[in-house]
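Asks:
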Amino acid sequence: EITRDIPNVSEEALRHLDEVGIIYIGAEVKAGDILVGKVTPKSESPITPEEKLLRAIFGEKAFDVKDSSLHVPSGVSGTVVEVRVFSRRGIEKDQRAIAIDKQQIEKLAKDKDDELEIIEHFVFSWLEKL
Numbered sequence: 001e002i003t004r005d006i007p008n009v010s011e012e013a014l015r016h017l018d019e020v021g022i023i024y025i026g027a028e029v030k031a032g033d034i035l036v037g038k039v040t041p042k043s044e045s046p047i048t049p050e051e052k053l054l055r056a057i058f059g060e061k062a063f064d065v066k067d068s069s070l071h072v073p074s075g076v077s078g079t080v081v082e083v084r085v086f087s088r089r090g091i092e093k094d095q096r097a098i099a100i101d102k103q104q105i106e107k108l109a110k111d112k113d114d115e116l117e118i119i120e121h122f123v124f125s126w127l128e129k130l
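Residue numbers (the numbering used here): 1 to 130.
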């Protein structure tokens with residue numbers, strides 16, 4: 001599960017993550033920083049809906065999950081310039097994934113409009129020379 005709620009991790013370590021648990025574009029990162037917050041269950045047995053409800057109410061989640069976040073590799077530092085969210089077919093996207101998809105669509109539309117403007121300018125200037 002991708003989340004910002006990771007047990008035994010300081011708020012300082014989570015400073016670059018959004019509310020979903022994915023790093024912001026433009027964040028300055030260094031070795032060891034968290035790129036994607038992720039937790040996985042410790043227990044092998046499936047949890048019943050009643051147990052899920054009780055754990056959600058009383059916050060016992062920290063005991064049943066381990067941190068499996070994606071970290072920046074050692075020796076690497078830099079600025080985040082792009083975020084891609086991949087999801088399987090049939091699985092509903094979260095708000096952050098939808099927002100990223102929308103940004104990509106807007107960028108592609110702007111690039112297309114810029115290309116059309118350049119082509120129009122070239123054609124008009126070529127026609128004026130005739």
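Even for Gly, the Cβ is constructed at its ideal location relative to N, Cα and C.
Among residues of its own chain, excluding the 5 on either side of F29, which ones have a beta-carbon nearer than 6 angstroms to its beta-carbon?
Replies: Here residue 29 refers to the residue found at position 29 of the sequence shown. First, the amino acid is wrong: residue 29 is Val here, not Phe. Within the same chain, V29 has close Cβ partners V72.
Asks: Along the beta strand (DSSP E) that carries D67, what are the first and last residues, could you check?
Replies: By 1-based counting over the sequence shown, the position of residue 67 is 67. 65-67 is the span of the beta strand (DSSP E), which, as asked, contains D67.
Asks: I think K38 touches I2, with their Cβ atoms under 8 angstroms apart; what is that distance to the nearest whole Å?
Replies: For the purposes of this step, residue 38 is identified with residue 38 of the sequence shown, where counting begins at 1. For the purposes of this step, residue 2 is identified with residue 2 of the sequence shown, where counting begins at 1. With 8 angstroms as the limit, K38 and I2 qualify as a contact, their Cβ atoms being about 5 angstroms apart.
Asks: For G78, which residues in the same chain have their Cβ closer than 8 angstroms to its Cβ, ignoring the five residues on either side in sequence?
Replies: For this step, residue 78 is matched to residue 78 along the sequence shown. Hits under 8 angstroms: E28, V29.
Asks: Cutting at 7 angstroms between CB atoms, please list the residues of its own chain near S69, excluding the five before and the five after it.
Replies: Along the sequence shown, read from residue 1 onward, the residue named residue 69 stands at position 69. Closer than 7 angstroms at Cβ, skipping near neighbours: I6, I34, V36, G37, K38.
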